[in-house]
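Reading through the structure tokens given below for one structure.
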DNA sequence: AGGCGCTGGCAATTAGATTCTCATTTTGGG
DNA sequence: CCCAAAATGAGAATCTAATTGCCAGCGCCT
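Shown next, in the form of structure tokens:
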């Protein structure tokens with residue numbers, strides 16, 4: 417399905433481009449629309465049901481496609497999930513970057529990153545952002561996927577990890593923080609921030625909750641700030 | 417492995433009661449032996465395969481029971497999983513307590529707790545403990561179960577949480593630590609320590625790993641020690 | 001026009017969990 | 001020791017959801 421003469425053109429930037437041949441532009445357009453519909457349908461289901469447990473059938477029906485079609489584009493359910501996760505992380509990275517940019521001091525930048533990331537991973541606060549998706553279900557499956565395919569998840573989350581390491585390096589360089597290994601520090605921060613919703617859920621009705629601020633304070637001092 | 421009979425009198429754990437309460441005292445002994453066999457078989461499978469993904473069939477065959485029998489004692493697979501988790505946590509609490517007792521200073525006690533808990537939740541180190549089970553698969557479970565039934569998991573982990581809060585309260589009382597809310601602090605510590613194996617797995621081959629020591633330092637400073 | 005890949009619609013297959021049925025065995029009471 | 005009720009064992013049947021297979025149109029490219 418891939419033609420040699422297509423490869424000499426501009427460098428493709430994402431999986432979307434590489435996935436479909438350009439010589440068959442009409443087919444490609446159709447295919448992309450199709451894939452997009454599947455993704456949209458899946459997102460809708462997640463938002464509506466507040467859970468990541470939909471069936472392929474649901475997705476197919478909602479998107480008015482056929483099972484046959486689904487398996488034409490995705491090797492299986494996991495592939496769909498990864499695609500959703502990738503898409504979602506793309507959005508969040510963009511959003512977080514916007515949130516970090518206006519700050520100039522290394523520590524404030526790091527703080528902005530932390531707080532925003534926390535918001536992205538947890539349940540929607542009272543202040544719903546634009547037409548953003550309900551991200552909790554996605555966090556849930558990132559957890560499940562991390563258990564059965566950690567490398568894949570790591571790859572998908574790489575953009576976030578990279579940004580975090582950069583911010584940490586900057587902070588260390590500016591002497592605002594001391595950390596022997598920023599990558600290790602990044603792991604600790606990610607864990608604390610991205611999955612605090614899990615512990616909050618476990619805490620349940622006891623009323624104790626770890627807020628974005630709490631998480632930030634904990635990380636900051638934890639790294640000796 | 418045949419240490420079941422003496423449980424008849426002492427206070428049985430939650431799942432044990434639930435599982436056996438249906439049949440009354442006479443059959444009880446037999447029933448308990450049966451339940452125990454199922455649990456042993458499940459533990460064996462987990463240890464051998466290093467994963468928590470066995471089928472009920474496997475368990476039934478290994479324990480020389482029948483499906484009928486399995487469902488007589490457990491309402492479903494989740495019940496079995498919870499039973500295993502409960503059992504495993506019982507062991508760990510015991511072990512952690514032994515590890516904490518010899519220490520007298522509040523901070524050292526807290527440290528002992530943290531380090532030991534970390535060892536319990538992660539992959540087996542080079543120093544295998546007694547006939548201890550491979551606990552990583554169980555940690556994986558606990559994570560999955562925490563996603564679909566958080567309250568239940570919270571209940572099962574309560575003994576650990578309680579111990580931690582006590583240690584924290586003691587440390588705060590001794591002025592060795594300042595924390596506005598020890599329960600919140602407990603959540604953060606649990607999260608950092610119990611699930612660092614997940615992040616380590618995500619870090620994968622990059623070589624960066626969070627050790628028990630790292631986790632402890634992070635928590636200690638994070639809480640302002 | 002003709003061929004071929006893309007598609008829709010569906011039946012078939014697979015894997016596991018959970019239930020059901022029936023023949024046997026065990027238990028408790030007389 | 002004998003019987004009715006409860007407990008079991010074996011294995012078939014049912015169910016859910018994912019994944020594949022099959023076949024007949026349809027539209028695009030040459």
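Chains as they are written, first to last, in the numbering used here: chain A, 417 to 641; chain B, 417 to 641. Heads up, the beta-carbon is just placed ideally off N, CA and C, and yes, glycines get one too. All figures in this text were calculated on a predicted structure; none of them were measured in a lab.
Distance check for residue 552 (chain B) and residue 444 (chain A), CA to CA, integer angstroms please. Taking the first chain and counting its residues from 1, the one referred to as residue 444 (chain A) is at position 28. Taking the second chain and counting its residues from 1, the one referred to as residue 552 (chain B) is at position 136. Spanning the alpha carbons of residue 444 (chain A) and residue 552 (chain B) requires a straight line of approximately 45 Å.
Nearest-angstrom beta carbon gap, residue 588 (chain A) and residue 598 (chain A) [assumed within contact, 8 Å]: As a working note, residue 598 (chain A) is residue 182 in the first chain. As a working note, residue 588 (chain A) is residue 172 in the first chain. Indeed, because the Cβ distance is near 6 Å, the residues count as touching under 8 Å.
Closer than 8 Å, CB to CB, is residue 563 (chain B) near chain A or not? Reading the second chain from its first residue, position 147 is the one you call residue 563 (chain B). It does: the Cβ of residue 563 (chain B) has a partner Cβ on chain A nearer than 8 Å.
Which residue comes first and which comes last in the alpha helix (DSSP H) that contains residue 378 (chain A)? Beyond the ends of chain A as shown, which are 417 and 641, falls residue 378 (chain A); an answer cannot be given.
Name the two residues that bound the continuous alpha helix (DSSP H) containing residue 590 (chain B). Start at 1 with the first residue of the second chain, and residue 590 (chain B) comes out as number 174. In the DSSP assignment, residue 590 (chain B) falls outside any alpha helix (DSSP H), carrying neither H nor E.
Taking its Cβ as the centre, do 16 or more other Cβ atoms sit within 10 Å of residue 434 (chain A), making it buried, or is it exposed? Residue numbering aside, residue 434 (chain A) sits at position 18 when the first chain is read from its first letter. Because residue 434 (chain A) carries a pLDDT of 46, less than 50, the predicted location of this residue cannot be relied on, and no value is offered for it.
Selected residue, minimal CA-CA separation from residue 634 (chain B), among A:627, A:617 and A:607: Taking the first residue of the second chain as position 1, residue 634 (chain B) is located at position 218. Of A:627, A:617 and A:607, the residue nearest in Cα terms is A:607.
Cα-Cα separation between residue 476 (chain B) and residue 503 (chain B), rounded to whole angstroms: Numbered from 1 along the second chain, position 60 holds the residue referred to as residue 476 (chain B). Numbered from 1 along the second chain, position 87 holds the residue referred to as residue 503 (chain B). Taking the straight line joining both Cα atoms gives about 19 Å.
Looking at chain B, which residues of the segment 599-620 of chain A have a Cβ within less than 8 Å of any of its Cβ atoms? Here the close residues are 599, 600, 603, 604, 606, 607, 608, 611, 612, 614, 615, 616, 617, 618, 619 and 620.
Beta carbons nearer than 8 Å to chain A: which residues of the segment 469-481 of chain B have them? none
Alpha-carbon to alpha-carbon, residue 592 (chain B) and residue 611 (chain A): The count along the first chain starts at 1 and reaches residue 611 (chain A) at position 195. The count along the second chain starts at 1 and reaches residue 592 (chain B) at position 176. Rounded to whole angstroms, residue 611 (chain A) to residue 592 (chain B) spans 28 Å at the Cα level.
Nearest-angstrom Cα separation, counted from residue 630 (chain B) out to residue 637 (chain B): Here residue 637 (chain B) is taken as the residue at index 221 of the second chain, counted from 1. Here residue 630 (chain B) is taken as the residue at index 214 of the second chain, counted from 1. For residue 637 (chain B) and residue 630 (chain B), the distance between alpha carbons rounds to 11 Å.
How far does the alpha helix (DSSP H) with residue 608 (chain B) in it extend, from its first residue to its last? Within the second chain, the letter at position 192 stands for residue 608 (chain B). Going by DSSP, residue 608 (chain B) is part of the alpha helix (DSSP H) stretching over 598-610.
Stretch-stretch touch, CB-based, cutoff 8 Å, three pairs: the segment 445-463 of chain A with the segment 477-484 of chain A: yes
Buried or exposed by the 16-neighbour rule on C-beta atoms within 10 Å, applied to residue 520 (chain B): For the purposes of this step, residue 520 (chain B) is taken as residue 104 along the second chain, with counting starting at 1. Exposed, because fewer than 16 other Cβ atoms sit within 10 Å of the Cβ of residue 520 (chain B).
Looking at the secondary structure, which residues open and close the alpha helix (DSSP H) in which residue 560 (chain B) lies? Along the second chain, one-based indexing puts residue 560 (chain B) at 144. That run of the alpha helix (DSSP H) goes 552-564.
How would you list, in chain order, the residues of chain B whose beta-carbon sits under 8 Å from the beta-carbon of residue 540 (chain A)? Position 124 of the first chain, counting from 1, holds the residue named residue 540 (chain A). Chain B residues near residue 540 (chain A): none, gap ~18 Å exceeds 8 Å.
Relative to the C-alpha of residue 530 (chain B), which candidate in B:468, B:515, B:499 and B:464 has its C-alpha closest? By 1-based counting over the second chain, the position of residue 530 (chain B) is 114. Ranked by Cα distance from residue 530 (chain B), the first of B:468, B:515, B:499 and B:464 is B:515.
Distance CB(residue 505 (chain A))-CB(residue 572 (chain A)) smaller than 8 Å: The residue labelled residue 505 (chain A) in the question sits at position 89 within the first chain. The residue labelled residue 572 (chain A) in the question sits at position 156 within the first chain. Their beta carbons are under 8 Å apart, which means residue 505 (chain A) touches residue 572 (chain A) by this criterion.
Which class does residue 534 (chain B) belong to by DSSP, given the choice of helix, strand or coil? The residue labelled residue 534 (chain B) in the question sits at position 118 within the second chain. Helix, per DSSP.
Going by DSSP in three states, residue 549 (chain A) sits in which element: helix, strand or coil? Translated into the one-based positions of the first chain, residue 549 (chain A) becomes position 133. Looking at residue 549 (chain A) - three-state DSSP - the assignment turns out to be coil, as it is neither helix nor strand.
Any residues in the segment 549-578 of chain B with a beta carbon nearer than 9 Å to a beta carbon of chain A? Which ones, in chain order? 556, 559, 560, 562, 563, 564, 566, 567, 569, 570, 573 and 577
What's the gap between the Cα of residue 586 (chain A) and the Cα of residue 528 (chain B)? Here residue 586 (chain A) is taken as the residue at index 170 of the first chain, counted from 1. Here residue 528 (chain B) is taken as the residue at index 112 of the second chain, counted from 1. Roughly 34 Å between the two C-alpha positions.
Alpha carbons only, please: which of B:562, B:464 and B:580 is nearest the one belonging to residue 509 (chain B)? Sequence index remark: in the second chain, residue 509 (chain B) carries index 93 (1-based). Considering only alpha carbons, the answer is B:580.
Just how far apart, CA to CA, sit residue 465 (chain A) and residue 563 (chain B)? Here residue 465 (chain A) is taken as the residue at index 49 of the first chain, counted from 1. Here residue 563 (chain B) is taken as the residue at index 147 of the second chain, counted from 1. About 15 Å.
Is there a C-beta anywhere in chain A that falls below 8 Å from the one on residue 490 (chain B)? Working through the second chain from its first residue, we reach residue 490 (chain B) at position 74. No, residue 490 (chain B) does not count as interfacial toward chain A.
Backbone CA spacing between residue 522 (chain A) and residue 584 (chain A) [nearest angstrom]: As a working mapping, residue 522 (chain A) is identified with position 106 in the first chain. As a working mapping, residue 584 (chain A) is identified with position 168 in the first chain. In a straight line, the C-alpha of residue 522 (chain A) is about 8 Å away from that of residue 584 (chain A).
Within 8 Å of any Cβ in chain A, is that where the Cβ of residue 640 (chain B) sits? Here residue 640 (chain B) refers to the residue found at position 224 when the second chain is read from its first residue. Yes - at least one Cβ of chain A is within 8 Å of the one on residue 640 (chain B).
Contact defined as beta carbons within less than 8 Å: I believe residue 493 (chain B) pairs with residue 462 (chain B). What is the distance between those atoms, to the nearest angstrom? Within the second chain, the letter at position 77 stands for residue 493 (chain B). Within the second chain, the letter at position 46 stands for residue 462 (chain B). That pair is no contact at about 13 Å.
Are any of the Cβ atoms in chain B nearer than 8 Å to that of residue 630 (chain A)? On the first chain, position 214 is the one that residue 630 (chain A) refers to. Yes, residue 630 (chain A) counts as interfacial toward chain B.
Compute the Euclidean distance between the alpha carbons of residue 582 (chain A) and residue 483 (chain B), then round it to the nearest angstrom. Along the first chain, one-based indexing puts residue 582 (chain A) at 166. Along the second chain, one-based indexing puts residue 483 (chain B) at 67. Straight-line Cα distance between these residues: approximately 55 Å.
Is the beta carbon of residue 449 (chain B) closer than 8 Å to that of residue 626 (chain A)? The sequence position of residue 626 (chain A) within the first chain is 210, counting from 1. The sequence position of residue 449 (chain B) within the second chain is 33, counting from 1. For residue 626 (chain A) and residue 449 (chain B), no; Cβs fall outside 8 Å.
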